[in-house]
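Chains as they are written, first to last, in the working numbering: chain L, 3 to 239; chain B, 3 to 239. I have placed the structure first, in the form of structure tokens, so that the comments after it can refer back to it.
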DNA sequence: AAAAAGATTAATGAAAGGTTAATAGGTTAA
DNA sequence: TTAACCTATTAACCTTTCATTAATCTTTTT
């Protein structure tokens, strides 16, 4: 079904375990890059992007702990977990102290590993990936077609600009829920500063204008937090 | 100190383990509610707000798995983990399939438990205050949605300001318990002086006004100490 | 009854938000 | 190459919100 796959970097020096694991994870619909040498990790991370990093600790040319420290500095948003034979309590605690999202002890059951990875990735919903709009959306008495950037009501069409479109898409896919300044700005502008926030106000103002023919629709401000597109329940079922 | 703490509901029937765990977690700065009976879980979750739920599976009056299913439906945003003596693979997989964020086997090292909880909450709640894990709370006949800052009763919606919202969240998270001036002021205002205390009174007054339609709800003053949000038990069992 | 603490309502002012207009940067068309 | 056009950003200006402060009244304590 051509879903986007989650990308995982697996750092493991052991040939046979590395092979088994990467094959197993591939079968389970992950996109795996198997890194056999600790010294290659940073290079791989620089050239490709990943959703998760799985680290062995005992590597012939370096320590997984050291790698984790470097990763944390250069790629602070990349979640990583340890998968290792070192099971002493001190190591476990060190792993978590370094910021690991999990610490798994070998031998690990493959099915459990997959279950844990899913549990992890489910929590980290990458905002970039859920901004897809296939078909038209209903907003009160308006029809919103984000594909074509058109907002329509009783024959009146408004062509939206890119920003207006992105903002309305964001708000309408979180109908009646608070959308924080931060989420909107990071989601659409990619960063959050004073001027973007000013800009956001301008576009909210535009959308309010377009939407003001339906009394049941309001873009409400929640001071210091963000906006809510509130849509009254319409009487038809 | 006097930071706002993460709130955890611990569901554990074993007296001694429950005691040890809740004390240990309290020492580590978590705000723990220990639920001894599986049948009480949903009730507690409905009236108090939590950041995490820890579930035993083998309970005398119900199964942790069943509880998880109900929680998933009614409080889909609340992360939960299993902490159990059942270590069979089938149980582990079932736990994750139900949406658990972790599955821990007894006996668990307390330090590791704390490390894992921190790893989890750091992911769920990146930098600021956690409102993501919040769901709507029941306060008497009112519904309080701290996420969207609204208080509702029989169709009447009141949009709360930031301070009102923070205060009501604090009080309702410590229902029927004394909330000292000091804790509230340090928790919400970040400092405690004469003028903040005056301000606090103003907001208490606002909340009383909003809540005065339900006779069973009162914000009581305890002279020189603080306030209690007291909610009468409703007549149904 | 005096003093202290709390409750309530109202006044104030700074900051946040709203709106419209001007600017600048980029793209298209001629 | 230039002119026309579109759009995001910035600016300017106005309006609203809400935490604080103040003022006044009520309750509790001694």
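Glycine is no exception: its CB is placed at the ideal position from the N, C-alpha and C atoms.
How would you call residue i, buried or exposed, if buried means at least 16 neighbouring beta carbons within 10 angstroms?
i             : result
residue 197/L : exposed
residue 75/L  : exposed
residue 157/B : exposed
residue 69/B  : buried
residue 51/L  : exposed
residue 22/B  : exposed
residue 167/L : buried
residue 118/B : buried
residue 190/L : buried
residue 11/B  : buried
residue 37/B  : buried
residue 186/B : buried
residue 129/L : With a pLDDT of 38 at residue 129/L, under the threshold of 50, the predicted position of this residue should be treated as unreliable, though the coordinate-derived value follows. Exposed, since its Cβ has fewer than 16 Cβ neighbours within 10 Å.
residue 78/B  : exposed
residue 29/B  : exposed
residue 219/L : buried
residue 226/L : exposed
Measuring CB to CB, does residue i end up less than 8 Å from residue j?
i             : j             : result
residue 85/L  : residue 110/L : yes
residue 174/B : residue 213/B : no
residue 121/B : residue 94/L  : no
residue 180/B : residue 224/B : yes
residue 114/B : residue 91/L  : yes
residue 67/L  : residue 96/L  : yes
residue 206/B : residue 221/B : yes
residue 26/L  : residue 164/L : no
residue 9/B   : residue 33/B  : yes
residue 2/B   : residue 60/B  : Because chain B is modelled from 3 through 239, residue 2/B falls outside the range shown and cannot be assessed.
Helix, strand or coil: how does DSSP classify residue i here?
i             : result
residue 92/L  : helix
residue 84/B  : strand
residue 185/B : helix
residue 65/B  : strand
residue 107/B : strand
residue 55/L  : strand
residue 192/B : coil
residue 32/B  : strand
residue 49/L  : helix
residue 128/L : Here the model assigns residue 128/L a pLDDT of 43, short of 50, so the residue's position is not dependable, and the following value carries that caveat. Three-state DSSP puts residue 128/L in coil, outside helix and strand.
residue 178/B : coil
residue 169/B : helix
residue 159/B : strand
residue 139/L : strand
residue 9/L   : strand
residue 153/L : strand
residue 229/L : strand
residue 214/L : coil
residue 22/L  : helix
residue 77/L  : coil
residue 235/L : coil
residue 17/L  : helix
Name the residue from the options whose alpha carbon lies nearest to the alpha carbon of residue i.
i             : options                       : result
residue 234/B : 117/B, 195/B, 140/B and 205/B : 140/B
residue 13/B  : 155/B, 58/B and 26/B          : 58/B
residue 228/B : 217/B, 199/B and 38/B         : 199/B
residue 176/L : 122/B, 150/B, 28/B and 165/B  : 150/B
residue 161/L : 208/L, 19/L and 116/L         : 208/L
residue 116/B : 122/L, 106/L and 99/L         : 99/L
residue 39/B  : 56/B, 29/B, 64/B and 142/B    : 64/B
residue 171/B : 123/B, 193/B, 66/B and 153/B  : 153/B
residue 101/L : 17/L, 148/L, 71/L and 146/L   : 71/L
residue 81/L  : 138/B, 124/B and 182/B        : 124/B
residue 62/B  : 6/B, 16/B and 159/B           : 16/B
residue 246/B : 226/B, 182/B, 210/B and 48/B  : Outside the shown range of chain B (3 to 239) lies residue 246/B, about which nothing can therefore be said.
Assuming residue i and residue j form a contact by the criterion Cβ under 8 Å, report the distance between their Cβ atoms to the nearest whole angstrom.
i             : j             : result
residue 195/L : residue 143/L : Their Cβ separation, rounded to whole angstroms, is 36 Å, which puts residue 195/L and residue 143/L out of contact at 8 Å.
residue 55/L  : residue 73/L  : 6 Å
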